[in-house]
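Colleague: Please find one structure pasted underneath; my questions will follow.
In our numbering, the protein residues as written are 152 to 388.
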């Protein structure tokens with residue numbers, strides 16, 4: 152069950168207190184800079200995490216600025232489309248409202264999900280940007296320097312090649328212990344950096360972990376991460 156820190160109180164709350172009850176997520180983003188894009192990315196992660204648990208979600212976009220540019224940049228980043236938000240606080244059937252916004256931009260309604268700033272130059276590859284943003288806890292400032300971008304690029308290349316190689320082996324289920332670690336990570340205040348650490352440990356595990364299980368683990372985690380880790384399956388080695 153996903154728990155998220157409410158920025159107003161500092162307390163952890165259940166993101167969907169009524170199991171499988173309709174939940175509204177409001178992405179409050181002004182302008183179309185990388186900081187606004189990160190707000191939409193955190194919204195996308197919340198949607199994916201809740202849907203993996205079977206919770207119906209409606210994600211909406213609120214705020215001022217050039218929505219067309221922001222939406223286009225979000226699509227390039229693999230962020231699912233958001234509706235236009237109109238009715239404050241959500242529809243009566245929606246049992247929970249989560250408001251995602253930049254740090255310090257508190258709203259009046261719902262659980263407040265704070266997102267840190269982004270500094271530096273934006274890489275040309277949107278998936279590299281997505282991973283670079285995911286590497287840091289959502290409330291921390293991300294600094295997109297040359298080292299961070301290079302590391303994200305090299306990690307994506309390495310993981311995609313590994314996943315393509317593992318896919319050629321007989322499939323094996325995700326080990327229960329690994330699945331539990333993944334879910335425990337993202338259900339703990341959407342701790343995506345911890346999810347990435349689990350994937351690194353799976354890649355580095357010994358021969359007791361079959362390659363088919365590594366493949367299924369990465370494919371499963373990518374339902375949350377949205378990094379296109381299976382993109383190179385079938386490509387020439």
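Where a beta carbon is used, it is the ideal one built from N, C-alpha and C, also for glycine.
When we look at the beta-carbon of residue 220 and count the other beta-carbons within 10 Å, is it buried (16 or more) or exposed?
Modeller: Residue 220 is exposed by the Cβ-count criterion.
Colleague: Does the Cβ of residue 323 lie closer than 7 Å to at least one heavy atom of the ligand NAP?
Modeller: The ligand NAP is absent from the structure shown, which contains no ligands of any kind.
Colleague: Can you name the start and end residues of the alpha helix (DSSP H) that residue 186 belongs to?
Modeller: Run containing residue 186: 185–203, per the alpha helix (DSSP H) assignment.
Colleague: Under 8 Å between the Cβ atoms of residue 264 and residue 254?
Modeller: Not closer than 8 Å, so no.
Colleague: With distances taken Cα to Cα, identify the nearest neighbour of residue 374 among 361, 385, 383 and 333.
Modeller: It is 333.
Colleague: Tell me, please, whether the segment 305–320 touches the segment 368–384 by the rule of three or more beta-carbon pairs shorter than 8 Å.
Modeller: Segments in contact, yes.
Colleague: Look at the alpha carbon of residue 184 and the alpha carbon of residue 360, and state the distance between them as a whole number of angstroms.
Modeller: In a straight line, the C-alpha of residue 184 is about 42 Å away from that of residue 360.
Colleague: So what does residue 155 bridge to, in DSSP terms?
Modeller: Paired residues: 164.
Colleague: For the structure I just gave you, are there three or more beta carbon pairs, one from the segment 174–191 and one from the segment 209–224, closer than 8 Å?
Modeller: A contact exists between the segment 174–191 and the segment 209–224.
Colleague: Mind checking who residue 234 pairs with in its DSSP beta bridge?
Modeller: According to DSSP, residue 234 bridges with 211.
Colleague: Under a three-way DSSP split, which group does residue 223 fall into?
Modeller: The answer is helix: DSSP assigns residue 223 an H, G or I state.
Colleague: Just tell me which of 305, 197, 179 and 202 has its CA closest to the CA of residue 390.
Modeller: With the chain represented from 152 up to 388, any question about residue 390 goes unanswered, as that position is not in the structure.
Colleague: Could you pull the start and end residues of the beta strand (DSSP E) that residue 294 belongs to?
Modeller: Where residue 294 is concerned, the enclosing beta strand (DSSP E) stretches over 293–295.
Colleague: At the level of alpha carbons, what is the spacing between residue 206 and residue 200?
Modeller: Approximately 9 Å between the Cα atoms of the pair.
Colleague: If I follow the unbroken alpha helix (DSSP H) through residue 289, where does it start and stop?
Modeller: Element bounds for residue 289: n/a, residue is neither H nor E.
Colleague: Tell me which residues share the same chain as residue 279 and place their Cβ nearer than 8 Å to its Cβ, disregarding the 5 neighbours each side in the sequence.
Modeller: Cβ within range, chain order: 300, 303, 304 and 307.
Colleague: Between the Cα of residue 270 and those of 328, 248, 297 and 365, spot the shortest distance and give me the residue it belongs to.
Modeller: For the residues 328, 248, 297 and 365, the minimum Cα distance to residue 270 belongs to 297.
Colleague: Roughly how far, in whole angstroms, is the beta-carbon of residue 204 from the beta-carbon of residue 249, given that I think they are within contact range, below 8 Å?
Modeller: That belief does not hold up - the Cβ atoms of residue 204 and residue 249 are roughly 14 Å apart, past 8 Å.
Colleague: Taking C-alpha atoms, which residue in 282, 364 and 323 lies nearest to residue 346?
Modeller: The shortest Cα separation from residue 346 among 282, 364 and 323 belongs to 282.
Colleague: For residue 305, name the three-state secondary structure that DSSP assigns.
Modeller: Here residue 305 sits in helix by DSSP.
Colleague: In chain order, what residues of the same chain lie with their CB nearer than 6 Å to the CB of residue 262, ignoring the 5 residues before and after it?
Modeller: Answer for residue 262: 157, 164 and 249, listed in chain order.
Colleague: Looking only at its chain, what residues have a beta carbon closer than 8 Å to the beta carbon of residue 287, apart from the 5 residues adjacent to it on each side?
Modeller: So the list reads 267, 293 and 344, once near-sequence residues are dropped.
Colleague: Output the distance between the C-alpha atoms of residue 260 and residue 236, rounded to the nearest integer angstrom.
Modeller: So the alpha carbons of these two residues sit roughly 13 Å apart.
Colleague: Take the Cβ of residue 177 as the centre, count every other Cβ of all protein chains shown within 10 Å, and call the residue buried at 16 or more, exposed below.
Modeller: Counting Cβ neighbours within 10 Å, residue 177 comes out buried, since at least 16 surround it.
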